[in-house]
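Novice: Submitted below is the structure of interest, expressed as structure tokens.
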Amino acid sequence: MNIFEQQKNEFSERHIGINKEEKEAMLSAIGVSNLEELISKTIPDAIRIKTDLEVPAAISEFEYLSELKKVAAKNKVFKSYIGQGYYDTITPSVILRNVFENPGWYTQYTPYQAEISQGRLESLLNYQTLVSDLTALPIANASLLDEGTAAAEAMAMLFNHKNKDHDHITAPKFFIDEKIFAQTKDVLVTRAEPIGIELVFGDFKHVALNEDYFGAIVQYPDNDGAIRDYREFITNAHAANVMVVMATDLLALTLLTPPGELGADVAIGSSQRLGVPMGFGGPHAAFFATKDEFKRTIPGRIIGVSIDAQGNRCLRMALQTREQHIRREKATSNICTAQALLSNMAAMYAIYHGAEGLTNIAKRISILAQTLSDELNELGFNNLNEYYFDTLKIGVHDAAAIIKLGALQEMNFHFIDEKHIGISLDETTSQNNIVDILHVFARSINIDTASAGFDADALLENIPSSSTRTSGFLLHPVFNTHHSENQMMRYIKFLENKDLSLNTSMISLGSCTMKLNAATELIPVSWPEFSRLHPFAPADQTQGYLEIITELENYLSKITGFAATSIQPNSGAQGEYAGLLTIRAYHTARGESHRNVVLIPISAHGTNPASAVMAGMKVVVTRCDDAGNIDVADLKAKAEEHKNDLAALMVTYPSTHGVFEESIIEICNTIHEHGGQVFMDGANMNAQVGLTSPGMIGADVCHLNLHKTFAIPHGGGGPGVGPICVASQLVPYLPGHVNITNKTSNIHAVSAAPYGSASILLISYAYIKMLGTNGIRSATEYAILNANYMKARLEKYYKILYTGKNGTAAHEFIVDLRPFKNTAGIEAEDVAKRLMDYGFHAPTLSFPVAGTLMIEPTESEDKAELDRFCDALIGIYNEIKAIEEGKEDKKDNVLKNAPHTQHVVCADEWTKSYSRTVAAFPLPYVKENKFWPSISRVNNTYGDRNLICTCEPIEAYA
Ligand SMILES: Cc1ncc(COP(=O)(O)O)c(C=O)c1O
Numbered sequence: 016m017n018i019f020e021q022q023k024n025e026f027s028e029r030h031i032g033i034n035k036e037e038k039e040a041m042l043s044a045i046g047v048s049n050l051e052e053l054i055s056k057t058i059p060d061a062i063r064i065k066t067d068l069e070v071p072a073a074i075s076e077f078e079y080l081s082e083l084k085k086v087a088a089k090n091k092v093f094k095s096y097i098g099q100g101y102y103d104t105i106t107p108s109v110i111l112r113n114v115f116e117n118p119g120w121y122t123q124y125t126p127y128q129a130e131i132s133q134g135r136l137e138s139l140l141n142y143q144t145l146v147s148d149l150t151a152l153p154i155a156n157a158s159l160l161d162e163g164t165a166a167a168e169a170m171a172m173l174f175n176h177k178n179k180d181h182d183h184i185t186a187p188k189f190f191i192d193e194k195i196f197a198q199t200k201d202v203l204v205t206r207a208e209p210i211g212i213e214l215v216f217g218d219f220k221h222v223a224l225n226e227d228y229f230g231a232i233v234q235y236p237d238n239d240g241a242i243r244d245y246r247e248f249i250t251n252a253h254a255a256n257v258m259v260v261m262a263t264d265l266l267a268l269t270l271l272t273p274p275g276e277l278g279a280d281v282a283i284g285s286s287q288r289l290g291v292p293m294g295f296g297g298p299h300a301a302f303f304a305t306k307d308e309f310k311r312t313i314p315g316r317i318i319g320v321s322i323d324a325q326g327n328r329c330l331r332m333a334l335q336t337r338e339q340h341i342r343r344e345k346a347t348s349n350i351c352t353a354q355a356l357l358s359n360m361a362a363m364y365a366i367y368h369g370a371e372g373l374t375n376i377a378k379r380i381s382i383l384a385q386t387l388s389d390e391l392n393e394l395g396f397n398n399l400n401e402y403y404f405d406t407l408k409i410g411v412h413d414a415a416a417i418i419k420l421g422a423l424q425e426m427n428f429h430f431i432d433e434k435h436i437g438i439s440l441d442e443t444t445s446q447n448n449i450v451d452i453l454h455v456f457a458r459s460i461n462i463d464t465a466s467a468g469f470d471a472d473a474l475l476e477n478i479p480s481s482s483t484r485t486s487g488f489l490l491h492p493v494f495n496t497h498h499s500e501n502q503m504m505r506y507i508k509f510l511e512n513k514d515l516s517l518n519t520s521m522i523s524l525g526s527c528t529m530k531l532n533a534a535t536e537l538i539p540v541s542w543p544e545f546s547r548l549h550p551f552a553p554a555d556q557t558q559g560y561l562e563i564i565t566e567l568e569n570y571l572s573k574i575t576g577f578a579a580t581s582i583q584p585n586s587g588a589q590g591e592y593a594g595l596l597t598i599r600a601y602h603t604a605r606g607e608s609h610r611n612v613v614l615i616p617i618s619a620h621g622t623n624p625a626s627a628v629m630a631g632m633k634v635v636v637t638r639c640d641d642a643g644n645i646d647v648a649d650l651k652a653k654a655e656e657h658k659n660d661l662a663a664l665m666v667t668y669p670s671t672h673g674v675f676e677e678s679i680i681e682i683c684n685t686i687h688e689h690g691g692q693v694f695m696d697g698a699n700m701n702a703q704v705g706l707t708s709p710g711m712i713g714a715d716v717c718h719l720n721l722h723k724t725f726a727i728p729h730g731g732g733g734p735g736v737g738p739i740c741v742a743s744q745l746v747p748y749l750p751g752h753v754n755i756t757n758k759t760s761n762i763h764a765v766s767a768a769p770y771g772s773a774s775i776l777l778i779s780y781a782y783i784k785m786l787g788t789n790g791i792r793s794a795t796e797y798a799i800l801n802a803n804y805m806k807a808r809l810e811k812y813y814k815i816l817y818t819g820k821n822g823t824a825a826h827e828f829i830v831d832l833r834p835f836k837n838t839a840g841i842e843a844e845d846v847a848k849r850l851m852d853y854g855f856h857a858p859t860l861s862f863p864v865a866g867t868l869m870i871e872p873t874e875s876e877d878k879a880e881l882d883r884f885c886d887a888l889i890g891i892y893n894e895i896k897a898i899e900e901g902k903e904d905k906k907d908n909v910l911k912n913a914p915h916t917q918h919v920v921c922a923d924e925w926t927k928s929y930s931r932t933v934a935a936f937p938l939p940y941v942k943e944n945k946f947w948p949s950i951s952r953v954n955n956t957y958g959d960r961n962l963i964c965t966c967e968p969i970e971a972y973a
């Protein structure tokens, strides 16, 4: 490679952690002579790709950013007055720099290991408190994917509450007020049909609810911006035993009577406008708040308060968060990845502004809206909303003509119909903007001048006293302390310091693929050309985005060996759901709608069966053999048994056991022979890219986790993107959207925005562009090399569960810790917690096999880091040996007492049977880079028995 080519390929060497010398040493430790030998021992020849992927060659980081600037210029950032759930907002720079653009926040994993996650747990608890306070409902979760899916989750929760026996649905109807956002309706339609919910659309003022209904949804303020009084409607609904969901707006709720006080059972919506850029549709955190009676069934993650081993207050994910995985096909929601990073941003925004700041922002917007309404009225344009917060519905003669005039002045309005225009104002709207809008309307009636008089003290006559908020909110000190930039910066840092992220050490979570999230991939996400676009902006203003999305979809289709891709689903689990919907629609179109059985191997991720049930399918579990492979005989028998109704197989490949099963082609053939389609869970795609592909293996559809294989960071539990890639027969059934009119589809939307979490697609796009065809294949090869190197080092000490027929692992492997339970009383959890004392996040704990750790190092780690991690596990092995040999006590030992906090180690009193040094600095490298867990071992049971999921009164912290 000459020096020019070298520059083009520089990113590969930065993304892949291993250099040439290290590679040779690692290959020799594994016992193979070159990388190709390892790969051919690992991946069955029959499914190997023999040619290069049709993806362009690599470009340098600098070249990429320069090229991207040109594409970005094709996006036009107009003032957006479109509204409909998406509003421009000002991300405070202190939050932009210290949270959104900070790897200390965005590279974290979901806080399953509470002892090294207290920072983001605290921030998510703040988010829950914010939502709970503003909605006046006691229980809130730490985010859902978007407003549309949150509405669907609310509908599903209420449906399951009322129709516990699904074979005898007594109340199948759900009422949808016609004035909710169009995209929310679209997602509700998608979600309702497969599970037998009957949707009834109408006007809330005229509907007669009865016992056939289980729930209803209204929007507050509604999609035209009108504030309506739902009290009577809710009272009538409750009288008929019907529960009510209110889709609402957190900023508006600083001024409006909150849903809880109106009697609503659930409040949902988007917290986007609290400092999270529109980003052409996402990612944003949706919120979900409800009454206490639903605390065990609320979907998504809930952060709750508990105590640690020292009896100190601490936080952790509450009961049902963990139950989602255990309940599998009995789960009522498939939410796994959510929108943690964006919830954290919204929480920080609320903390920075405080109740008064938020109220002032809301008042300013509302006064501007009132002024605009009055001035338009002077010009002869009537605002049809008697009461409103930020949105006007203006009667016009020719809406299209005014929208055109607006576009000439670089502003977008909402086209309601030929005679009505919607104008939504936001935090960024200035007095000058109001005058500019007036100019557009004036010009439409041939008036040249326009002006407006502003009164900062104007009474908000646009909000009726009956709907005016009187109750306080955000009274907790955290929302009343950090208002200066220094305070805010330090609070963010204070929390960040408690959390182990990729900027501390490797996070080898099997199945989660915690690879490098490169700065060059992430930087453009903050560029205004990408961050400030409204998802429903006209296509001629979003050409840059559309070009990137089309290109990315093509790359993903090539990589997976399929015909087409949809990037709409905004998590892996949503991808599973969307993929199954395509299969369902395909069978229905062929007159085989009775095909509803899905075979799922026992080793599958919990979201697989949960998604299948959401797609209206029946789950039949198939067995695995002793080697961890799918039991082909059992699978064949079940395919045969259900051949008349077989819809699909859901299979993860390589398996969740980290093995490329030899029988995969036979398995896919069996399903096809029995009339089913094969859905491949692409969570392990990092072991496939460039070497094999789901299409080649024989699958019909797969989902990808762009937040695993394609470098999108995990954000402490989200965002994510879960595209689906499909074979030609499924292309007509890719998700549609009310706002994509140029593409026809046979199914409705699965996400609120047409292109899902569009802004972070840039990250995966950059990953592919900068690695190029060779780099993305090398990434896979090195991921496999790193896993096998670690396996080679660790198998001298630990039993490794499951390998391929040549004794190699794929990109991950499972360490079996079960034997130590008998010999030393040590469990997998003890090892996971002890790893924290060594400065590491535990690998995946007890998935897919209880009592094990699943290690996935990824290609991005260097050999020294891999060695430190192996040294840590070997150190722990020796500690277990000492217990087995009776040299250390079975109860009072470094593992059972792990993790050791600074408080414990530095306490005046030390009563343990081992030294402080052994506790906190077990190996020399730890001294150079000590990461202190901020709490002792969390007590999960205590927290589950005493569920508290909002900030407690300040005395509790004492
Ligand atoms: C095998 C597998 N399938 C599906 C998922 C679900 O993906 P997501 O968390 O993005 O919803 C995961 C998540 O870790 C997984 O490991």
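So the sequence shown is numbered by my numbering: it starts at 16 and just counts up by one.
Just so it is clear, CB atoms sit at the ideal spot from N, CA and C, and this is done for glycine as well.
These numbers come from a predicted model, not from an experiment.
Quick check on the DSSP output: the alpha helix (DSSP H) that includes Glu880 runs from which residue to which?
Specialist: That run of the alpha helix (DSSP H) goes Lys878 to Glu899.
Novice: Using DSSP bridges, identify the partner residues of Cys639.
Specialist: Cys639 is bridged to Ile645.
Novice: Any idea which residues DSSP pairs Lys4 with across the strands?
Specialist: Residue 4 is absent from the structure shown; the chain starts at 16 and stops at 973.
Novice: With distances taken Cα to Cα, identify the nearest neighbour of Ser975 among His299, Ala279 and Pro274.
Specialist: Since the first residue of the chain shown is 16 and the last is 973, residue 975 is not available in this structure.
Novice: In the DSSP output, what is Cys740 paired with across the bridge?
Specialist: Cys740 pairs with Thr580 and Cys717.
Novice: Under 7 Å from any heavy atom of ligand 1, does the C-beta of Thr352 make it?
Specialist: Yes; taking the cut-off as 7 Å, the Cβ of Thr352 has a heavy atom of ligand 1 nearer than that.
Novice: Can you tell me whether Gly737 sits near ligand 1, meaning its C-beta is under 7 Å from at least one heavy atom of the ligand?
Specialist: Under cutoff, so the answer is yes.
Novice: Rounded to the nearest angstrom, what separates Ala554 and Lys91 at their Cα positions?
Specialist: The alpha-carbon atoms of Ala554 and Lys91 are separated by roughly 10 Å.
Novice: Can you look up Val920 in the DSSP assignment and give me helix, strand or coil?
Specialist: Three-state result, Val920: helix.
Novice: So Phe216 packs on Val233, CB below 8 Å; how close in whole Å?
Specialist: Going by Cβ atoms, the distance from Phe216 to Val233 rounds to 12 Å, so no, they are not a contact pair.
Novice: With a threshold of 7 Å (Cβ to nearest heavy atom), would Asn156 be considered close to ligand 1?
Specialist: Answer for Asn156: no, Cβ out of range of ligand 1.
Novice: Taking 7 Å as the cut-off, is the C-beta of Ser861 nearer than that to any heavy atom in ligand 2?
Specialist: Among the ligands present in this structure, namely ligand 1, ligand 2 is not found.
Novice: Sort His221, Leu800 and Ile895 by Cα distance to Asn49 and report the nearest one.
Specialist: The residue with the shortest Cα to Cα distance from Asn49 is Leu800.
Novice: My parser needs the alpha helix (DSSP H) runs of 4 or more residues fully inside the stretch 394-433; what are they?
Specialist: For the stretch 394-433, whole alpha helix (DSSP H) runs of length 4 or above, ordered along the chain, are 414-423.
Novice: Is Cys527 near ligand 1 - that is, is its Cβ less than 7 Å away from at least one heavy atom of it?
Specialist: Within the cutoff, so yes.
Novice: Assuming Phe189 contacts Met172 (C-beta within less than 8 Å), just tell me the rounded distance between them.
Specialist: Between Met172 and Phe189 the Cβ distance is about 12 Å, and since that is not below 8 Å, they are no contact.
Novice: Can the beta-carbon of Ala333 be found closer than 8 Å to that of Leu145?
Specialist: Against a cut-off of 8 Å, the Cβ pair of Leu145 and Ala333 comes out as no contact.
Novice: Can at least three beta-carbon pairs, one atom from the stretch 769-789 and one from the stretch 718-735, be found at a separation below 8 Å?
Specialist: Yes, the stretch 769-789 touches the stretch 718-735.
Novice: I'd like the list of long-range same chain contacts for Ala702, defined as Cβ closer than 7 Å, with 5 residues on each side in sequence excluded.
Specialist: The residues are Pro669, Thr795, Ala798, Ile799, Ala825 and His826.
Novice: Starting from Lys513, follow the alpha helix (DSSP H) in both directions and report where the run begins and ends.
Specialist: Looking at the DSSP string, Lys513 is not in any alpha helix (DSSP H), and its letter there is neither H nor E.
Novice: Please return the same chain residues whose Cβ sits closer than 7 Å to the Cβ of Ser708, not counting the five positions on each side in sequence.
Specialist: Ile64, Ile574, Thr575 and Gly576.
Novice: Apply the 10 Å Cβ neighbour rule to Gly134 and answer buried if 16 or more other Cβ atoms are within range, or exposed otherwise.
Specialist: That one is buried.
Novice: How would you call Thr32, buried or exposed, if buried means at least 16 neighbouring beta carbons within 10 angstroms?
Specialist: Looking at the sequence itself, residue 32 is Gly, so the reference to Thr does not match. So Gly32 counts as buried.
Novice: What's the call for Cys639, buried or exposed, on a 16-neighbour Cβ count within 10 Å?
Specialist: Its Cβ being crowded by 16 or more others within 10 Å, Cys639 is buried.
Novice: Sort Gly901, Pro314, Ile110 and Ala88 by Cα distance to Glu544 and report the nearest one.
Specialist: Residue Ala88 is the option with its Cα nearest to Glu544.
Novice: Measure the C-alpha to C-alpha separation of Asp413 and Lys84 and round it to an integer number of angstroms.
Specialist: Spanning the two alpha carbons is a distance of roughly 37 Å.
Novice: Look at the Cβ atom of Thr406, then the Cβ atom of Ser439, and state whether they are nearer than 8 Å.
Specialist: Yes, they are a contact pair.
Novice: Per the DSSP calculation, Phe93 is bridged to which residue(s)?
Specialist: DSSP output for Phe93 lists no bridge partner at all.
Novice: List the DSSP bridge partners of Ile191.
Specialist: Ile191 pairs with Phe216 and Ile232.
Novice: List the endpoints of the continuous alpha helix (DSSP H) containing Ile598.
Specialist: Element bounds for Ile598: Gly587 to Ala604.
Novice: If you measure between the beta carbons of Thr57 and Gly819, is that distance less than 8 Å?
Specialist: Yes.
Novice: Using alpha carbons as the reference points, say which of Ala207, Tyr782, Gly525 and Ala473 lies closest to Ala73.
Specialist: Among Ala207, Tyr782, Gly525 and Ala473, the Cα nearest to that of Ala73 is on Tyr782.
Novice: Please check the pair Ile815 and Val830, which I expect to be a contact at CB under 8 Å, by giving their CB distance rounded to whole angstroms.
Specialist: Between Val830 and Ile815 the Cβ distance is about 6 Å, and since that is below 8 Å, they are a contact.
Novice: Look at the alpha carbon of Gly697 and the alpha carbon of Pro734, and state the distance between them as a whole number of angstroms.
Specialist: Each residue's Cα considered, the two are about 17 Å apart.
Novice: Looking only at its own chain, which residues have a Cβ that is under 7 Å from the Cβ of Asp307, when we skip the five neighbours before and after it?
Specialist: Contacts found: Pro153 and Ile154.
Novice: Tell whether a beta-carbon distance below 8 Å holds between Leu356 and Tyr127.
Specialist: Result no, Cβ atoms of Leu356 and Tyr127 do not sit closer than 8 Å.
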